[in-house]
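Each residue of the sequence shown is one higher than the one before, counting from 909 in my numbering.
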Amino acid sequence: MAILSLVSIGPGDLDYMLPAAMGALRRADVIIGYQIYLDQLRHLIAPHQELVSSQLGQEVERATHAIDMAAAGRNVAMVSSGDIGIYAMASPIFDVLRARDWNGNEPDVEVFPGVSAIQATAAKVGAPLGHDFCTISLSDLLTPWPVIQKRLKAAAWGDFVIGFYNPRSKKRDWQLGYAIDILRDFRPPETPVIIARNVTRPDENIQVVALSEFDPSVVDMFTLVMVGNSQSYTLADRVATPRGYTEKGADRTTAQKEASEAVISYPVSLTKLAGKPATVIGGGPVATRKVDGLLAVEAVVTVVSPELTPQLQALVDAGNVTWVARKYEADDLAAAMLVFAATNDRAVNQQIGEAAAALNILCSVADAPEEGNFHSMAVHRGDSTVLAVGTQGTEPGKAKRLRNQLRWLLENDN
Ligand SMILES: C[S@@+](CC[C@H](N)C(=O)[O-])C[C@H]1O[C@@H](n2cnc3c(N)ncnc32)[C@H](O)[C@@H]1O
């Protein structure tokens, strides 16, 4: 009986094609596939074998033609790169068979597996697939974007190592950037990203970069992009993912543990801060973030500091903030409803905390949250919800990451 063989030819170099697939190719009367694959296989093809070259796209036509030839009694080999069952011709073949109420043996169909791009890439760089992984095709030509988006979020949330197929083309140039933005909120900045172009082909090029450094614009359709999970690491020029799992960052400092155990917080949401006096002592990056937060709720902000960041200076110049251009003095708190102690001097911050306590003023001490009586949380304002995540003030980076992760779940909830 004639057989339709679905033959995987591997990622490029025919050393990566399995012997069973080679055997199926040899037994075929007709070989059908893209010209580029037929060219690749030419020294395996015998003169009596008929070649049918197909165009890019037209998967259903190609599947139908292959099935028709096999049903007419010819041994047909349909060839596809990598593994024919992974984003390739095996599924259109079965779709056509289903539409025809195929009885399972007319024609007989056999699938010959192969090395997919993700496996070839993994082998080239070490052992990045040592724990749970998934693949996501970023092509929204056949799959609606909301479905891809949902899977991206689930894979990010599930901390899977992800192999992105069809990552980026001239017409689809933003999807990979979107995916990476999600992953940056879920995984540490040093998470390895493997950019594997034309793996096992003559112009193979494989690079490993940190998630924080990755630039999606270097990627094209001949590339597989693999992003490690939160445990993946680089070793020399290789990448591996441990089979076991430890929570990175679980080794908190004693000071952090003591602080979070000592403080019992009572989260509230302060409202009507518009027009209320708030004082920020300090003029560095931390102070700048606090000023930004206060201006967002329209508080009347005074900054006390001999120096300012350029951003703060711009706010002062624009008249949005009052600047007292000197070091902290005891009566700076008198008019304030709330105070941020954000200098780079530990002793001064401590003094501010004590002075504020004596005056019953709300005070947040940037470098020692337990010395103040509030700390700000990482906030996301949705249409009708406010999401605030805090860690007793001791791990602002973790609070921010968690806030970002929850935001992805809240936004575009489909
Ligand atoms: C339509 S999918 C076909 C996947 C193929 N069936 C497999 O199992 O590898 C095409 C995508 O696979 C990836 N790909 C296939 N071969 C590759 C190779 N040799 N090097 C890098 N990426 C490859 C690229 O992401 C490309 O855009």
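Here a beta-carbon is modelled for each residue, glycine too, at the ideal position from N, C-alpha and C.
With which residues is residue i paired in a DSSP beta bridge?
i, result
"D1016", "I911"
"L1143", "R1146"
"F1041", "V1069"
"T1154", "DSSP, once it has assigned bridges, lists no residue as partnering T1154."
"V1133", "F1072, I1103"
"N1113", "R1105"
"V938", "E958, V984"
"T1230", "T1210"
"G1034", "V1147"
"P1185", "V1208"
"G918", "G990"
"A1118", "P1100"
Taking all protein chains shown into account, decide if residue i is buried (16 or more other Cβ within 10 angstroms of its Cβ) or exposed.
i, result
"T876", "Outside the shown range of the chain, which is 909 to 1322, sits residue 876, and nothing can be said about it."
"D991", "buried"
"G1190", "buried"
"A1222", "exposed"
"M909", "exposed"
"Y995", "buried"
"A1243", "exposed"
"V1205", "exposed"
"H1283", "buried"
"K1061", "buried"
"G1066", "exposed"
"M977", "buried"
"T1179", "exposed"
"G1157", "Any reading at G1157 is ruled out, since the residue's pLDDT is 48, under 50, leaving its predicted position unreliable."
"N1257", "buried"
"I1088", "buried"
"T1154", "exposed"
"P1054", "exposed"
"G920", "buried"
"E1303", "buried"
"R1309", "buried"
"G1022", "buried"
"V1176", "exposed"
To the nearest angstrom, report how far apart residue i and residue j are at their CA atoms.
i, j, result
"V960", "Q1139", "46 Å"
"D1291", "A1063", "26 Å"
"H956", "D937", "7 Å"
"V1232", "E1319", "41 Å"
"P1150", "G1038", "6 Å"
"L1241", "P1097", "39 Å"
"R970", "N1074", "21 Å"
"V1199", "G1301", "17 Å"
"S989", "G941", "9 Å"
"A1339", "G1152", "Residue 1339 falls outside the range modelled here, since the chain spans only 909 to 1322, and no answer is possible."
"V984", "I939", "6 Å"
"N1013", "E958", "23 Å"
"V1188", "T1131", "49 Å"
"P922", "I953", "For clarity, residue 922 is Leu in the given sequence; the question names Pro instead. Their Cα atoms are separated by approximately 13 Å."
"R1146", "G1280", "46 Å"
"D1111", "V1212", "59 Å"
"R1076", "E1262", "56 Å"
"S1125", "D1081", "8 Å"
"T1340", "D1093", "Nothing can be reported for residue 1340, as the shown portion of the chain is limited to 909 through 1322."
"P1000", "V1297", "47 Å"
"T1324", "P1193", "Residue 1324 is absent from the structure shown; the chain starts at 909 and stops at 1322."
"A1226", "R1105", "49 Å"
"F1002", "L1119", "38 Å"
"D1040", "S913", "30 Å"
"A979", "V1004", "13 Å"
"N1228", "V1247", "17 Å"
"E1018", "R1315", "46 Å"
"N1312", "A1195", "22 Å"
"K1079", "M1129", "11 Å"
Under the assumption that residue i contacts residue j (Cβ atoms under 8 Å), give the Cβ distance between them as a whole number of angstroms.
i, j, result
"Y1236", "T1251", "7 Å"
"E967", "M997", "7 Å"
"G1136", "T1099", "5 Å"
"A1144", "L1181", "About 53 Å separates the two Cβ atoms, so there is no contact after all."
"A1274", "A1249", "6 Å"
"P1185", "M1245", "5 Å"
"I1056", "L1049", "Between L1049 and I1056 the Cβ distance is about 11 Å, and since that is not below 8 Å, they are no contact."
"F1020", "A932", "5 Å"
Is residue i near ligand 3, judged by its Cβ being under 6 Å from some heavy atom?
i, result
"Y942", "Within the structure as shown, ligand 3 is missing, the only ligands being ligand 1."
Would you verify that the beta carbon of residue i is, or is not, closer than 7 Å to some beta carbon of chain C?
i, result
"G1038", "The structure shown contains no chain C; it holds only a single protein chain."
Where are the alpha helix (DSSP H) runs, 4 residues long or more, that stay fully inside the stretch 1060-1098, in chain order?
1083-1094
In chain order, which continuous runs of the alpha helix (DSSP H) of length 4 or greater are located wholly inside the stretch 1236-1316?
1254-1266
Considering only residues of the stretch 958-1013, which uninterrupted alpha helix (DSSP H) runs meet the minimum length of 4 residues and lie entirely inside it, listed in chain order?
967-979, 998-1007
What are the uninterrupted segments assigned as alpha helix (DSSP H) that are 4 or more residues long and contained completely in the stretch 1187-1212, given in chain order?
1193-1204
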